[in-house]
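Structure first, commentary second.
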Amino acid sequence: MMSNRAKLRQLMLDVFLLDEHEFRFDLRRSEIDTWDSLGVVSLAVGIHQTFGYHPTPEEATGLAGVADVIALLEGRGIDLAG
Amino acid sequence: MRSATVHAGWHLVGDDDLAASHDGLAAAWSSDRSVVLAPTRRGVNPAWFRDALDRLPAALAHDHVALLTSGSTGTPRLVVGTKSRARAMASCIHVHQDNHAVARTVTLLPLTYSYAFVNQWVWAHAHDRTLVVSPGLADVSATRALLRDGPDTMVCLVGPLFSLLARHVPDGEPLTSVTRVNFAGAPFPWPERAALARVFPRARVFNNYGCTEAMPRLTITAMDALTGPSDLGVPLPGVELGIDAAGELRFRSAYGAVGLVEDGAYREVAADQWLGTQDVAVAHDDGRFALLGRRSEVYKRHGEKVSVAQQLEAVRAVWVGQAAAMMERDPAGDPAHVVVLAPTPSADQLRAVLKVFRARFPRAHWPLRVDCVDTMPLLETNKPDLQALAATVRRVCWQLPR
Chain A
1 MMSNRAKLRQ LMLDVFLLDE HEFRFDLRRS EIDTWDSLGV VSLAVGIHQT
51 FGYHPTPEEA TGLAGVADVI ALLEGRGIDL AG
Chain B
1 MRSATVHAGW HLVGDDDLAA SHDGLAAAWS SDRSVVLAPT RRGVNPAWFR
51 DALDRLPAAL AHDHVALLTS GSTGTPRLVV GTKSRARAMA SCIHVHQDNH
101 AVARTVTLLP LTYSYAFVNQ WVWAHAHDRT LVVSPGLADV SATRALLRDG
151 PDTMVCLVGP LFSLLARHVP DGEPLTSVTR VNFAGAPFPW PERAALARVF
201 PRARVFNNYG CTEAMPRLTI TAMDALTGPS DLGVPLPGVE LGIDAAGELR
251 FRSAYGAVGL VEDGAYREVA ADQWLGTQDV AVAHDDGRFA LLGRRSEVYK
301 RHGEKVSVAQ QLEAVRAVWV GQAAAMMERD PAGDPAHVVV LAPTPSADQL
351 RAVLKVFRAR FPRAHWPLRV DCVDTMPLLE TNKPDLQALA ATVRRVCWQL
401 PR
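Here it is, written out as structure tokens:
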């Protein structure tokens, strides 16, 4: 079974069409050309579909990188360690 | 010779008639009798033809020709022109492609297609050239031999058919009798230019654009004059092209249809009447036109005009299998498209396709999903059969959260 960390990685690849080698858990929004306003919406929907938590618009627009997504989900009790 | 089928004064010629002999068609064409080409092997009910012919004015039963099209709608339409216009069209093609030295034409497509009928049968008849019916891909060895040895030859292809044919032509054994290659009926196979030079080293290659209502040609552009895969060039003499308010490419032509039967009714086409092509295009300042895609495949999403045809063209640059697109609605009810690949790509191949979306198109243009099927259902022209594909079970390879 895929870990939550692996699910997040796959979600980021699918939402932003990243190459596998481009992905890092410290990747910043400013480094991803496809993390645009529609990308914000798509990521929020993807987080909901994958982890069951629907970020508020403020939370979704406030995400500045993968680390923020991890912090958001862990703040909702979703374990992304390891 | 099979006995002629005549209805309402029209001489019906079907695929099976042509498979047996062209004599009946030649005799009817040379007389004052009107002729209708009936693609009976493409699932059109003969009763539909009889009903459509019953709706035509009696005056059309002499010196006219009728062809069938389903266009992008899938609904059959009977398109009526005149024999004299068809002959003039064939002569226009003859001059435009400098076909004087071409001795024969070899068929690879059914002659009941307006493209093959005018570019090959009418051309051969009007210019006293030989028409040879090939077995096509049903017997590749025989077709290859036919196109390799013989006098200077013209062929008519569609892009997907060439891709298949090229796989059966080994390096060092080019099809050297072919000196003219026409493409029509699908986007010009721009990525295949090197393969075209390999397979047909003696040929001049032309992109032909038009529709059955144009009977059938609107532009003809030599490959070496094309600026890109969507370039349509400039209209032929006697043809006017324009873009309507919705972006649809429309035309008026001295060769075009004089009437149509659609939705169970006949309507005359006036000499000064513009007809739509069902394609969306843009006009450039230099008089050239560029195709964006079928009207049904160009749509607005998040305020942006999305061309499905351009996206498939980009996919085909990195994907060697079949690719098609189907229209759907997203969860909000807005129009969107799904790309379908066959066979199922590897993870790396899928990533290469997705990378194309990211590199070439803004997010609003990305498909809803990429679906996969083991085998793409194809029409006899080797183009995807979208009706059959809609009924095929597809697997989701990639889906954008929406």
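Order-wise, the sequence lines are chains A and B.
Mapped onto the numbering used here, the consecutive letters of the first sequence carry residue numbers 1 to 82.
Mapped onto the numbering used here, the consecutive letters of the second sequence carry residue numbers 1 to 402.
Where is the CB? At the ideal position from N, CA and C, for every residue including glycine.
Source: prediction; values computed, not measured.
Residue from the options with nearest C-alpha to residue i
{"i": "G46(A)", "options": "M1(A), M2(A), E74(A), F16(A)", "result": "F16(A)"}
{"i": "T50(A)", "options": "S30(A), T61(A), L73(A), A81(A)", "result": "L73(A)"}
{"i": "V320(B)", "options": "S253(B), G333(B), E192(B), L249(B)", "result": "E192(B)"}
{"i": "R148(B)", "options": "L111(B), A283(B), P201(B), V261(B)", "result": "P201(B)"}
{"i": "H365(B)", "options": "G185(B), E297(B), P384(B)", "result": "E297(B)"}
{"i": "E313(B)", "options": "R204(B), E248(B), V80(B), A323(B)", "result": "A323(B)"}
{"i": "V436(B)", "options": "A195(B), T153(B), E240(B)", "result": "Absent from the structure is residue 436(B), since the part of chain B shown begins at 1 and ends at 402."}
{"i": "A166(B)", "options": "R198(B), Q387(B), D334(B)", "result": "R198(B)"}
{"i": "N119(B)", "options": "T153(B), P135(B), P39(B)", "result": "T153(B)"}
{"i": "W35(A)", "options": "P55(A), G77(A), T61(A)", "result": "T61(A)"}
{"i": "V79(B)", "options": "R294(B), A101(B), F49(B), A246(B)", "result": "F49(B)"}
{"i": "A246(B)", "options": "T176(B), G264(B), Q278(B), V318(B)", "result": "Q278(B)"}
{"i": "D98(B)", "options": "V133(B), A19(B), R180(B), A61(B)", "result": "R180(B)"}
{"i": "P189(B)", "options": "Q310(B), R395(B), C397(B), A342(B)", "result": "Q310(B)"}
{"i": "E328(B)", "options": "A317(B), R316(B), A342(B), V308(B)", "result": "V308(B)"}
{"i": "L134(B)", "options": "V122(B), S114(B), R104(B)", "result": "Just to set this straight, residue 134(B) is Ser in the shown sequence, not Leu. When each option's Cα is compared against that of S134(B), the closest is R104(B)."}
{"i": "E173(B)", "options": "A186(B), G185(B), F183(B), L146(B)", "result": "L146(B)"}
{"i": "W398(B)", "options": "C372(B), N382(B), A388(B)", "result": "C372(B)"}
{"i": "V338(B)", "options": "G150(B), S253(B), V370(B)", "result": "V370(B)"}
{"i": "E213(B)", "options": "S253(B), P235(B), N182(B), G238(B)", "result": "S253(B)"}
{"i": "E304(B)", "options": "E262(B), R363(B), C92(B)", "result": "R363(B)"}
{"i": "S91(B)", "options": "L292(B), G14(B), V122(B)", "result": "V122(B)"}
{"i": "T239(B)", "options": "D330(B), N182(B), M215(B)", "result": "Per the sequence presented here, residue 239(B) reads as Val, with Thr not at that position. Selected option, being the one with the closest Cα: M215(B)."}
Beta bridge counterpart(s) of residue i as assigned by DSSP
{"i": "H125(B)", "result": "Per DSSP, none; premise fails for H125(B)."}
{"i": "A336(B)", "result": "E328(B)"}
{"i": "T34(A)", "result": "T34(A) is not bridged to any residue."}
{"i": "F188(B)", "result": "Answer is none; F188(B) lacks a bridge partner."}
{"i": "F183(B)", "result": "L157(B), N207(B)"}
{"i": "Q399(B)", "result": "R369(B)"}
{"i": "T5(B)", "result": "L12(B)"}
{"i": "G39(A)", "result": "DSSP lists no partner for G39(A)."}
{"i": "Q310(B)", "result": "Q310(B) pairs with nothing; no bridge assigned."}
{"i": "R84(A)", "result": "Since the first residue shown for chain A is 1 and the last is 82, residue 84(A) is missing from the structure and cannot be characterised."}
{"i": "Q322(B)", "result": "A342(B)"}
{"i": "V178(B)", "result": "T153(B)"}
Neighbour flag for residue i against chain E, beta carbons, 8 Å
{"i": "P191(B)", "result": "The chain inventory of the structure shown lacks chain E, comprising the protein chains A and B."}
Inset, instruction - Flag this pair as touching only if the region 364-377 of chain B and the region 150-161 of chain B have three or more C-beta atom pairs under 8 Å; answer yes or no. - result: no
Inset, instruction - Would you check if there are 3 or more beta carbon pairs closer than 8 Å linking the region 6-15 of chain B to the region 54-65 of chain B? - result: yes
Inset, instruction - Please specify which runs of the beta strand (DSSP E), each continuous and at least 3 residues long, are wholly inside the region 234-307 of chain B, giving them in chain order. - result: 239-243, 248-253, 259-262, 265-268, 275-283, 289-294, 298-301, 304-307
Legend entry - Near-chain B residues of the region 28-52 of chain A (beta-carbon distance less than 7 Å), N- to C-terminal order: T34, D36, L38, G39, S42, V45, G46, Q49
Legend entry - contact_flag[the region 216-224 of chain B, the region 193-208 of chain B] where n(CB pairs < 8 Å) is 3 or more: yes
Inset, instruction - Using a Cβ-Cβ cut-off of less than 7 Å, give me the residues of the region 335-368 of chain B that come near chain A, in sequence order. - result: R351, L354, K355, F357, R358, R363, A364
Inset, instruction - Entirely within the region 192-237 of chain B and at least 3 residues each: give me those beta strand (DSSP E) ranges in chain order. - result: 204-210, 217-222, 231-233
Inset, instruction - Say whether the region 281-298 of chain B touches the region 258-273 of chain B, bearing in mind that this needs 3 or more beta-carbon pairs closer than 8 Å, one atom from each stretch. - result: no
Inset, instruction - Would you be able to state if there are at least three C-beta pairs under 8 Å between the region 245-264 of chain B and the region 73-93 of chain B? - result: yes
Inset, instruction - Pair every Cβ in the region 57-67 of chain B with every Cβ in the region 28-35 of chain B, then say whether three or more of these pairs are closer than 8 Å. - result: yes
Legend entry - the region 6-24 of chain A: positions lying closer than 9 Å to chain B by Cβ: L11, L13, D14, V15, F16, L17, L18, D19, E20
Legend entry - Near-chain A residues of the region 373-398 of chain B - C-beta to any C-beta below 7 Å: W398
Legend entry - At least three beta-carbon pairs within less than 8 Å, the region 342-357 of chain B to the region 109-126 of chain B: no
Inset, instruction - Would you list, in sequence order, the uninterrupted beta strand (DSSP E) runs of no fewer than 3 residues that lie entirely inside the region 32-81 of chain B? - result: 34-38, 64-69
Inset, instruction - Inspect the CB distances between the region 17-33 of chain A and the region 354-368 of chain B and report whether three or more fall short of 8 Å. - result: yes
Legend entry - Unbroken stretches of the alpha helix (DSSP H), 4 residues or longer, contained in the region 93-143 of chain B: 123-126
Inset, instruction - Indicate whether the contact test is met: 3 or more Cβ pairs, each with one atom in the region 22-32 of chain A and one in the region 13-23 of chain B, closer than 8 Å. - result: no
Legend entry - Residues in the region 292-320 of chain B having any Cβ partner in chain A nearer than 9 Å: H302
Inset, instruction - Can you check the region 340-391 of chain B for any beta strand (DSSP E) of at least 3 residues that lies completely inside it and give the ranges in chain order? - result: 369-372
Inset, instruction - Closer than 8 Å, Cβ to Cβ, to anything on chain A: give me those residues from the region 149-165 of chain B, in chain order. - result: none
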